[in-house]
Structures are given as C-alpha cells and as structure tokens.
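Engineer: Structure incoming, see below.
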Ligand SMILES: Nc1nc2c(ncn2[C@@H]2O[C@H](COP(=O)(O)OP(=O)(O)OP(=O)(O)O)[C@@H](O)[C@H]2O)c(=O)[nH]1
Ligand SMILES: [Mg+2]
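Chains as they are written, first to last, in this note's numbering: chain L, 1 to 212; chain X, 213 to 343.
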C-alpha cells in the first residue's frame, strides 16, 4: 500500500473512531500457546454469530495467523455491545520444531515452527498497532508467573489498553484461579472453561462492561 | 567504536556478557536488541543491569522470532529479577560492580540454557568475588 493511501486510511480510521460511537472495538485475544484462545474465540463467535473462527488443537502454535471476526454483537441487559474479535497466535520467545516431530513429519514440523515464528511476530504487531483492548487467556492449571506473561502484560499496560485476564480450563483438577488473580492483582480475573462453556455469563458481562 | 560489553566466563565455560545501565543508556533500542541477540547467538548469557522498556521487549520478541532457524537458533529465554531485598541482591550488586542492588536485572540466554545459569549461580558468585 502506498504511503498516501496508508495515511488516508489511518486518518479515516481515526475519524471513524471519533465520529461514530458504533465503530466496534477490536479486542485481541492474547496469551501463551495452548491456553485456549481459539477455543474461546470460537465459543464467543458461535454464541453470537453462529460460526467459528479457527481450529483448536492440543499441539501448540495451532494458530499461526491472526484471525478477525467482525461485528460480534453481544447482548447484555437489553444493551448490545459490538466488538471485533481477533484471535492471535500464542506468544513465546522460543520455538523448537523438534517439539512437534512426535506428531508430524520433520518437514511439517519445520514448516509449523517457521509459521509459528511469523505468527508470534504478527501477534506482537497487532498489539502495537491494531487492537483497542485485550483478553489475556491463561491456562489456570499452569503457573501464570512466566516471563512471557509478565512481559506481555507489561507491554499491554504500557499501551494503556483495557485488559481482562481469563483464567481458562477451570474444568481441570489442577486449575487454580487464585494463583492467577494473585499473580496479576492489578487486573480483573475471570474464571471460565471455554471448552465446557462454564461461567460464560460472567465472561460476557465483563466483556460488555470493559469493552462496551 | 562502541565499547564491548564486559565479558566474564564461568569456570565451566559459559560466557556472560554484562551490560551496565550506563552502557545501555548510550544505545538506541535497536542497538540494545542487536547487542543482546549477538551475545545470545554466540551462545552467551547476557545480563542487563537495567531492564528493557516494554516497547523494547516487544521488539526483542519480534526480532528473535525473525532469527529463529531450525537446528541453528531456537530463540531466547529471559528472566527478570526485580529489586527486592533478596539474598541475591548483594551478589548481583557485586556482579555489576555497584553499591546498591540494580532496579531490575534481566538475564537473557539461548532457549533452554537459563537452567545452566541457575546451576552456575554459585560459580558466578565465586567468579565475581575473585575480581
Ligand atoms: N480442559 C480444557 N481444555 C481446553 C479448554 N480450552 C481449550 N482447551 C484445550 O486446550 C488445547 C488448546 O486450545 P486452543 O484453543 O487451540 O489454544 P490456543 O490458545 O488457541 O493455542 P495456539 O493457537 O496454539 O496459541 C486444545 O486441546 C483445547 O481443546 C478448557 O476450558 N478446558
Ligand atoms: Mg489458537
């Protein structure tokens, strides 16, 4: 895209935001690989639009391209909140193709890791440029205090983006929501199971309140 | 010419690049990231006396991703030690040759090698006190 068109686009985006209250906010779904971001994005999209966003997998880095679902209308207490959902690739600081070779051929594993690295870079780019709010998804069965989580939350905070922390996988025995709430006391933590659909009412209440 | 980072070596051969806050202050963001990744590519553990800004961290992740290459470079591992009255701070203070404990010490190494550093903590301590 030429510089001029890009400029024009960004000006029109800015004026859109200024003049139309209806312009849906772009909510990025972020978090480490395998946290359940796509499972959540699919559940939200299915609940309110009828179709899904992307594929879910127990193998990390299933999502390697950011995917957007536009105009998801969420109804809460007679009010409608419209958002765009962006499902992003899980963020990490390392990718080793050998982690996938049990599940696929070496060629496929190498390709998956190459796409994964591009996906992570893309997710970081969206975070810097293109999202208005963040849902940070964590697997509540795992230790939330990792460098990636701390760094990403710091990056999100430095951009002054509204953020909700979703403690996912509460259906698992090892799940601890408290551990997450204590790790990030400065933010609202919402427990849920995206897979089982547990606690989705509170999820939508919070989305409407934070991003409406 | 830019001065090099201070280099130290633990007895079992892990090289550590110590980059002081003062040194970091002289560098542009991209130079910091380059210096860190050059060290890590060489197999070193890089210790920053002063942490990176969130923006720099975000770029570090992006550049790291761009440089990952199968069988050659799997990325990085980062650990941050916040300012706290931990028993470590005197060690880290000495490590950086400072009086007080640093605000936020950042340790960056090749993926899956920070463990080596943990194992070496006493070695580093010994090394530093030898200076
Ligand atoms: N038990 C349980 N499993 C879940 C839940 N949500 C997701 N999962 C599982 O976790 C795995 C990863 O889910 P994804 O939605 O693909 O995770 P992701 O965060 O999109 O992962 P990447 O795209 O690789 O970053 C899959 O096997 C899901 O079925 C949950 O609430 N409970
Ligand atoms: Mg996904």
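Think of the CB as a built atom: it goes at the ideal place given N, C-alpha and C, for glycine as much as any other residue.
Taking Cβ positions, are residue 116 of chain L and residue 144 of chain L nearer each other than 8 Å?
Structural biologist: The Cβ atoms of residue 116 of chain L and residue 144 of chain L do not sit closer than 8 Å to each other.
Engineer: Please confirm whether any heavy atom of ligand 2 lies closer than 7 Å to the CB of residue 87 of chain L.
Structural biologist: Residue 87 of chain L: yes, Cβ under 7 Å from ligand 2.
Engineer: Measure how close the beta-carbons of residue 84 of chain L and residue 26 of chain L come, nearest whole angstrom, since I'm counting them as under 8 Å.
Structural biologist: That belief holds up - the Cβ atoms of residue 84 of chain L and residue 26 of chain L are roughly 5 Å apart, short of 8 Å.
Engineer: Indicate whether at least one CB of chain L lies closer than 8 Å to the CB of residue 237 of chain X.
Structural biologist: no
Engineer: Going by C-alpha distance, which of L/194, L/166 and L/197 is nearest residue 206 of chain L?
Structural biologist: L/166
Engineer: By the DSSP assignment, the beta strand (DSSP E) with residue 182 of chain L in it spans what residues?
Structural biologist: Per DSSP, residue 182 of chain L belongs to no beta strand (DSSP E); it is in the alpha helix (DSSP H), 177-183.
Engineer: CB-CB under 6 Å to residue 134 of chain L, same chain, minus the five flanking residues each way: which ones, in chain order?
Structural biologist: By the criterion of a C-beta distance shorter than 6 Å, residue 134 of chain L is surrounded in its chain by 28, 30, 156, 161 and 163, once the five residues flanking it on both sides are discounted.
Engineer: Where DSSP assigns a beta bridge to residue 75 of chain L, which residues make up the other side?
Structural biologist: L/80
Engineer: So which residues on chain X does residue 154 of chain L lean against when the C-beta distance must stay under 8 Å?
Structural biologist: 266 and 269
Engineer: Any heavy atom of ligand 1 closer than 7 Å to the CB of residue 171 of chain L?
Structural biologist: yes
Engineer: Are there any heavy atoms of ligand 2 lying less than 7 Å away from the beta-carbon of residue 37 of chain L, as far as the coordinates show?
Structural biologist: yes
Engineer: Any beta-carbon of chain L closer than 8 Å to the one on residue 277 of chain X?
Structural biologist: yes
Engineer: The alpha helix (DSSP H) that contains residue 218 of chain L, what's its start and end?
Structural biologist: This structure leaves residue 218 of chain L out entirely; chain L is present only between 1 and 212.
Engineer: Name, in chain order, the residues that DSSP records as bridge partners for residue 244 of chain X.
Structural biologist: None, per the DSSP bridge assignment.
Engineer: Measure from the C-beta of residue 286 of chain X to each C-beta in chain L and report whether the shortest distance is under 8 Å.
Structural biologist: yes
Engineer: For residue 311 of chain X, count neighbouring Cβ atoms within 10 angstroms of its own Cβ and tell me buried if that reaches 16, exposed if not.
Structural biologist: With a pLDDT of only 49 at residue 311 of chain X, under 50, the local geometry of the prediction cannot be trusted, and the value read off the model is given with reservation. Exposed, because fewer than 16 other Cβ atoms sit within 10 Å of the Cβ of residue 311 of chain X.
Engineer: Could you tell me which residues DSSP pairs with residue 287 of chain X in its beta bridges?
Structural biologist: Bridge partners of residue 287 of chain X: L/94.
Engineer: Taking only three categories from DSSP, how would you classify residue 195 of chain L?
Structural biologist: Looking at residue 195 of chain L - three-state DSSP - the assignment turns out to be coil, as it is neither helix nor strand.
Engineer: Is the stretch 128-142 of chain L touching the stretch 166-177 of chain L, taking contact as three or more C-beta pairs under 8 Å?
Structural biologist: yes
Engineer: Would you please state the rounded distance, in angstroms, between the beta carbons of residue 259 of chain X and residue 229 of chain X? I believe it to be under 8 Å.
Structural biologist: 7 Å
Engineer: For the 8 Å Cβ check, are there 3 or more pairs between the stretch 191-207 of chain L and the stretch 38-54 of chain L?
Structural biologist: yes
Engineer: Counting only beta-carbon separations shorter than 8 Å, does residue 273 of chain X have a partner in chain L?
Structural biologist: yes
Engineer: Determine the closest residue to residue 62 of chain L out of L/87, L/82 and L/46, with distance taken between C-alpha atoms.
Structural biologist: Nearest neighbour of residue 62 of chain L by Cα position, chosen from L/87, L/82 and L/46, turns out to be L/87.
Engineer: Cβ of residue 26 of chain L less than 8 Å from any chain X Cβ?
Structural biologist: no
Engineer: Keeping to the same chain, check which residues put their C-beta closer than 7 Å to that of residue 201 of chain L; ignore five residues upstream and five downstream.
Structural biologist: none
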